[in-house]
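If you use the numbering used here, the sequence shown corresponds to residues 10 to 309, in order. In this text, a Cβ means the ideal position worked out from N, Cα and C, and glycines have one as well. None of the values given here were measured: they were computed from a predicted structure. Below: one structure, written as structure tokens.
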Amino acid sequence: MTGTRKHTALPKAQILIEALPWLTRHHGKTVVIKFGGNAMVDEELKAAFAQDVVFLRHAGLKPVVVHGGGPQISRALETHGIVSEFKAGLRVTTEDAMDVVRMVLAGQVQRELVGLLNRHGPLAVGLTGEDAHTLTAVKHQPEIDGELVDIGRVGEITEIDTGAIEALLADGRIPVVSSIARSQDDHHVYNVNADTAAAALAAALGAETLMVLTDVEGLYEDWPNSDEVISRLTASQLEKLLPELSSGMVPKMEGCLHAVRNGVNTARVIDGRVQHSILLEIFTDEGIGTMVAPDEQGES
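Laid out in structure tokens, this is it:
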């Protein structure tokens with residue numbers, strides 16, 4: 010009996026010890042995690058995500074979760090008979106659609122995530138960017154073929170007040186933030202891209218790391234000709250690649266670039282289809298996905 014026990018227990022101890030330098034390094038640090046993609050709709054992945062975030066909190070880190078809800082919003086709009094239209098990769102958000110977006114993000118996606126996290130204790134508190142002026146935005150008008158296009162209630166973040174989030178973190182809670190912003194210039198609200206919101210919050214909070222969950226393994230070296238993932242690149246290297254990226258990756262990688270150029274130590278795009286990808290990325294030597302680091306001194 011003892012022999013068997015030793016063989017099963019020892020690898021577990023080795024795994025825990027491998028995490029030690031990372032535990033030491035990340036202790037007390039804030040990490041902003043953008044929750045999205047498949048991890049948002051698959052029940053097992055959702056549960057594993059919640060476990061990972063709670064694990065980070067108990068390991069002495071301060072996780073902040075930011076989420077959007079593309080698939081859920083599309084489904085709800087369909088139910089309400091509102092057609093989903095996209096321009097420049099962004100959802101055209103009419104006043105009617107905005108009511109549905111707000112209802113889905115704050116009333117459905119956020120509630121479910123808070124519930125999953127709180128199975129493990131009284132940890133998660135949900136808020137939207139409207140709460141305590143966390144996110145303030147003005148109308149975002151993307152440029153298509155040299156023309157500014159009106160896409161309705163889609164916002165561009167102009168100001169961030171991290172007070173409420175910092176108070177929750179100081180109290181040992183896990184803030185779960187829906188990507189809706191208050192308007193700077195009228196009494197309405199804006200739908201904000203969740204990748205962009207997560208990056209802006211990471212910078213404003215002085216986070217150690219921004220992690221963006223995606224449905225790909227990371228940034229590919231030479232897609233579609235190769236599925237080699239670039240495991241690490243600097244801000245300048247990423248900037249050169251941006252024009253070649255697929256439209257879905259652009260806000261994610263622009264977010265990573267914004268984060269590391271504004272004081273966040275590393276930004277990572279990781280595969281949310283892999284269970285416990287967050288733990289693998291933070292606590293092991295073989296991080297998965299693509300990590301963006303600030304430029305080294307002398308590099309531009």
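Check: Could you give the distance in angstroms between the alpha-carbon of residue 106 and the alpha-carbon of residue 89?
Finding: For the purposes of this step, residue 106 is taken as the residue at position 97 of the sequence shown. For the purposes of this step, residue 89 is taken as the residue at position 80 of the sequence shown. Their Cα atoms are separated by approximately 9 Å.
Next item on the list: May I ask you to report which of helix, strand or coil DSSP gives residue 187?
Entry: Reading the sequence shown from its first residue, position 178 is the one you call residue 187. Correct three-state label for residue 187: strand.
Notebook entry, point to check: At which residues does the alpha helix (DSSP H) containing residue 279 begin and terminate?
Noted result: Within the sequence shown, the letter at position 270 stands for residue 279. Per DSSP, residue 279 belongs to no alpha helix (DSSP H); it is in the beta strand (DSSP E), 275–280.
Margin query: Taking the beta strand (DSSP E) that residue 104 belongs to, which residues open and close that run?
Written below: Within the sequence shown, residue 104 is the residue found at index 95, counting from 1. Taken as a continuous stretch (DSSP letters only), residue 104 belongs to no beta strand (DSSP E), being part of the alpha helix (DSSP H) at 104–113.
Notebook entry, point to check: First and last residue of the beta strand (DSSP E) that includes residue 241?
Noted result: As a position in the sequence shown, residue 241 is number 232, starting the count at 1. First-last of the beta strand (DSSP E) with residue 241: 241–243.
Next item on the list: State the Cα-Cα distance for the pair residue 174 and residue 184, rounded to the nearest angstrom.
Entry: Taking the sequence shown and counting its residues from 1, one reaches residue 174 at position 165. Taking the sequence shown and counting its residues from 1, one reaches residue 184 at position 175. Whole-angstrom Cα-Cα distance: 6 Å.
Checklist line | residue 249 classed as buried or exposed, judged by whether at least 16 other C-beta atoms fall within 10 angstroms | finding: Start at 1 with the first residue of the sequence shown, and residue 249 comes out as number 240. A residue is called buried when at least 16 other Cβ atoms come within 10 angstroms of its Cβ; residue 249 does not meet this threshold and is exposed.
Checklist line | Straight-line gap, residue 152 to residue 25 (C-alpha atoms, nearest Å) | finding: Working through the sequence shown from its first residue, we reach residue 152 at position 143. Working through the sequence shown from its first residue, we reach residue 25 at position 16. Distance between the alpha carbons of residue 152 and residue 25: 50 Å.
Check: residue 76 and residue 132 look like a contact to me (Cβ under 8 Å); what is the Cβ gap, rounded to whole Å?
Finding: For the purposes of this step, residue 76 is taken as residue 67 along the sequence shown, with counting starting at 1. For the purposes of this step, residue 132 is taken as residue 123 along the sequence shown, with counting starting at 1. About 16 Å separates the two Cβ atoms, so there is no contact after all.
Note to self: Would residue 264 and residue 225 be called neighbours here (beta carbons separated by less than 9 Å)?
What the structure shows: By 1-based counting over the sequence shown, the position of residue 264 is 255. By 1-based counting over the sequence shown, the position of residue 225 is 216. Not in contact: residue 264 and residue 225 (Cβ atoms no closer than 9 Å).
Notebook entry, point to check: Does the beta-carbon distance from residue 212 to residue 272 come in below 9 Å?
Noted result: Residue 212 sits at position 203 when you count from the first residue of the sequence shown. Residue 272 sits at position 263 when you count from the first residue of the sequence shown. Result yes, Cβ atoms of residue 212 and residue 272 sit closer than 9 Å.
Next item on the list: Could you please give the first and the last residue of the uninterrupted beta strand (DSSP E) stretch that includes residue 39?
Entry: Taking the sequence shown and counting its residues from 1, the one referred to as residue 39 is at position 30. Here the beta strand (DSSP E) through residue 39 covers 39–44.
Note to self: Tell me whether the stretch 280–298 and the stretch 55–65 touch, counting them as touching only if at least three CB pairs, one residue from each stretch, are closer than 8 Å.
What the structure shows: yes
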